[in-house]
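What follows is one structure encoded as structure tokens, with my remarks underneath.
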Amino acid sequence: MTTPSGSGGFNVVDRFAVAGNDGSVPDLANRTQEVITGILKERIRTSPGWNGSTADVWANLRRGIPLDHALLEVIVNRLTGGLVTFPTKQDAIMALRKVPFLDDLVEFLTGVEDGDENDLGTFFLNLRTFFQSIDLTDPDFDPAVVHKAFVEIVVQPFIKTISKITAAMLGPLSIGFLTDEVQTMLYEGGFDDPITIVEGDGVEHDATDGVPGTTPLGCMKISCDGTDKSRATEVMKVGPGWVLEVGSRIKHQGLVAGADAIRINVLPYSDEETPVSGGAVMVATAGTVSGDSGGTDGWGTEPIKGTWTVPLTGVTHVAVEPHVTDTATAGTVKYDEVYTQATQKIPQAFTKDLPEDLQTLVDEALALWEGLGERLHVDEWDDWLADAWTNAQAEANQIRDILAGLVVTPINSAVQAIKDWWTGIVGKTQNLTSGGTIPPASVGGVGGAPNIGKALEDTWNKFWDGVNGLTGSTGKTAADVQEAASTVTTTATSAVNAAQTAAALATYAGGRALWESANPTIDATMLEASLGTGSTPTYFTASQTASAMGFVRTRVAQDKTIVQWIGRGNSLTTAKLHVYRLNTTTGDLTWVQTKNIVPATLPTAVAFARVIVQLDAAVHMEPGDVLALEVCVTGGTHDIAGLTIGWLTPDDSALPKGPGASRNSGTESAAPTTIASANVPYGTKIPFIGAGIPQAELPPPSLAYYFTDTFNSLSAWTILSGAWQANSGSAVNPTGNPGFLLYNNSVLTDRARASFVMPGVKGGSFGTGFSSGSVIRFFMLADSTGANGIAFEVKSNGAGAAFSVRLVSFIAGVRTVRATTTATIPDGSTSQAPSISYDPDTKTYRASHSIGSLMEWTDSGNLMPHGPDYRRLLLFSDFGTVSNPGPEYSGVCASITYYDVT
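Spelled out as structure tokens, the structure:
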């Protein structure tokens, strides 16, 4: 016979021989019952099988019979070594009676001395009673039901008891609990730990969510399924007439619910254990809500809350119950920071006898004062006190007379010291006026003036003379100085504007003839007119073994942003544009940047047209600087307009040595970083190619410069909405929220022009942020809110697609498209430069772009408002979610330039 744990137990046959350890059992009767009983008890107590796991016992339970019947059957078979099934529980009990020392086994299990099977039955009866509704004899016994019952019978009462112990350990409450500063009467309303919630029935603890700013996170999460769900707090003691404020922060996601589905109830109790009839009282509700809640992380901005007054009789305790009703059929609801606080002030009973108590305190203080002479060993206390008072009064009178300027003979040294101190003060302040000020005539002057007043007057006079070219002026005032300063400011501003206008005109190059180049900013290898007069220009073919390189010399200082040539696609499949800077001292070429050429954007194989390539970054050139522009074919061929001059040979006296060159570049994976002067293959084929800027970016000669901003900071701007910031020289709005950025100053007149530069487009969608439907607007002549104004609009058509551009007006917040163009901003990593202008003479708005698009709208109906309040510049963006706040993903504007016609 072995214990239930098998090999970990003991074998009666092997261990209870009459003599020796040979395993035989000659005669068990030779051992007394007392000896055998003692040995058996000791073996059972120390057996690992009894003290360890009993999993194998439970594994061998016969299915389909009551649990106590199955247990008795296993016990009998284990004790007897058999494999018998007993038809009834009574049969198993009868078999147990045949087992020696059963009464000792029952005593061991139940703790009842001389126990029998009746005691064992009582033991299991009490176990069933403890588990209340759980039927241990049920053939369909469900362990999950036992788990839930264990939580209700053991865990919840334990938590409730611990809560009461915690409150009892707090001791007397501080005075703060008698004021209206108490935050909450609850201890676990923040749901910081899973133990604060009894989970189940769609209610669980969520440790990953909670009201932002609370630490640690934690909340109660309720999954809605059309049934009532609630959890109640511990019971709190309250007083008659208390006004309780109850509230909680809530969050809901995907909610489908009726009215007042999210509630906070008060559960009244007549004592600590007995709920008041009538049940829960709804105190706070979220009203009729659905879908997702708003606010930071969905937690709103304020708690839902309400008040409830404790009745004067019948209620001594309350509990608070977050409750989701059965009208909530889908979604989730979360509660956090549940609170209860008593809002009433201290009752009058606390202060009823306060005056009498204070009078008693005063009487005790007087008695202490009257006995003070005795404690100080002063015999005639009253006389001594009267003399001291008289002396103090005399000293006070003398001090008062001294301060009043009267003649005083001090009665003691203390008064004499005060008199001496006051005499010194009076000597130092004798020049003060009755108002406590120093007259100018009493303050020393500078520069030979007798006093400060005269010195200041001389300064004003001389400043006036200096500004106006005069001498000997007198009587000038502060107002005259202000007028002179304004004159200086106006003169300086005019000088600056004139200088900046002159600088703009110096770089304009607007006097070039059109036959030289249609765009006056282009510095090219030759004149456009030199390409012939036939139906097609003169040209040659660039291939993988013969690139087309042209050298251009800059005439005025300029930031080159585009490269232009005339060509046709032919059989081109892939090509690149390399840009080099030539060292005019050594003749070496240094690589600057490379642009991939998309064949689909080139003219067809049968028609020549202008090819304009937008550079990724502007290339600054000073007068005399030389660029080398090379079109390299890496697949197919490309016809490029130009001249073949057979007699042309390199000029060794100059750098560069000629206007054109050609290399075998088709097999290169990238442009060489440097080409030595000796290796530059000057030749007889000269492509027509040049570099410049879009003419739309140039100010006409009649415009005076007003201001420019490259967005190294936003100090000149005001953020009206959104999360604007200056990032890498661009104004960006990276959060995905729509927003306005306002220039702080209004412009000078209605006759104005503004040019904007957008950062490069990434992937046709500004990265992941500029999704389909997102928009950027550049406003001019707008008000300070963006409700009125004219704007150049860039709208996304989705990732990889070209952008649409429009001229739109906003009047009282209503957007109207005034003009569109078939030209679009292409997909690719390129900067873009839209501009807007207004001609008040013709009431015409014009919008242009670096790719050559032009839109116009004439406001013949005088729809747009004008005047000083409508002369603002604004930027607007409305992106989707932006994962990278860099300018290439959420950038709106890299620079802005404003000109005003004068």
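FYI, in UniProt numbering the residues of the sequence shown are 1 to 902.
Even glycine gets a Cβ: it sits at the ideal position worked out from N, Cα and C.
Pairwise C-alpha distance: Pro-834 and Ser-755:
6 angstroms
For Gln-564, which beta-bridge partners are listed by DSSP?
Ile-612, Gly-690
Quick test of the definition: if touching needs 3 or more C-beta pairs under 8 angstroms, does the region 570-577 touch the region 587-598?
yes
May I have the straight-line CA-CA distance separating Phe-740 from Val-289, to the nearest angstrom?
31 angstroms
Where DSSP assigns a beta bridge to Asn-727, which residues make up the other side?
Ser-730
Simplified DSSP state of Asp-68, which is helix, strand or coil:
helix
Alpha-carbon to alpha-carbon, Val-794 and Ala-529
36 angstroms
Pick out whichever of Asn-412, Ala-654, Phe-778, Arg-249 has its Cα sitting closest to the Cα of Phe-551.
Ala-654
For Met-236, the residue or residues it bridges with in DSSP:
Val-318
Tell me which same chain residues have a C-beta within less than 7 angstroms of the C-beta of His-620, skipping the five on either side of it?
Asp-559
Select from Arg-872, Gly-587, Gln-341 the residue whose C-alpha is nearest the C-alpha of Ser-784.
Arg-872
So what's Ser-837 in DSSP terms, helix, strand or just coil?
strand
Hey, is the region 451-466 in contact with the region 481-488, meaning 3+ C-beta pairs nearer than 8 angstroms?
yes
Helix, strand or coil, according to DSSP, for Ser-848 in the structure here?
strand
Considering only residues of the same chain and omitting the five flanking positions on each side of Ala-414, which have a CB-CB separation below 8 angstroms?
Glu-395
Any idea which residues DSSP pairs Pro-268 with across the strands?
Val-318
Cβ-based burial, Trp-421 [other Cβ within 10 Å; buried from 16]:
exposed
What does DSSP give as the partner residue(s) for Gly-739 in the beta ladder?
Ser-877
Residue from Arg-249, Gly-475, Val-362 whose Cα sits closest to the Cα of Asp-297:
Arg-249
Determine the direct distance from the alpha carbon of Glu-272 to that of Ile-162, and round the result to whole angstroms.
Low confidence applies here, because Ile-162 scores a pLDDT of 49, under 50, leaving its location unreliable; read the following figure in that light. Taking the straight line from one Cα to the other gives about 15 angstroms.
Looking at the C-beta of Phe-463, does it have a partner C-beta in chain B at a distance below 8 angstroms?
No chain B appears in this structure, which consists of one protein chain only.
Go through its chain and collect everything with a Cβ distance to Gly-258's Cβ below 7 angstroms, but skip five positions before and after it.
Thr-327
Span of the beta strand (DSSP E), counted from its first residue to its last, around Ser-809
804-811
Supposed close pair Met-549, Ala-628 - CB separation, criterion 8 angstroms
6 angstroms
Would you list the residues sitting across from Trp-308 in a DSSP beta bridge?
Leu-244
Please determine if the region 218-228 and the region 265-285 are in contact, where contact requires at least 3 C-beta pairs separated by less than 8 angstroms.
no
Three or more C-beta pairs below 8 angstroms linking the region 679-693 and the region 625-641:
yes
Just grab the DSSP bridge partners of His-205 for me.
Met-220
Ignore the nearest five residues each way along the sequence and tell me which others in Pro-672's own chain have a CB closer than 7 angstroms to its CB.
Trp-591
Contact between the region 634-650 and the region 531-542: three or more CB pairs below 8 angstroms?
yes
Span of the beta strand (DSSP E) around Met-282:
281-285
Is it true that the CB of Ser-713 sits closer than 8 angstroms to the CB of Ala-726?
yes
Three-state secondary structure (DSSP) of Asp-465:
helix
Do you know offhand how far Val-488's Cα is from Ala-479's?
14 angstroms
Using 8 angstroms for Cβ pairs, my map puts Leu-807 next to Phe-792. What's the rounded Cβ distance?
6 angstroms
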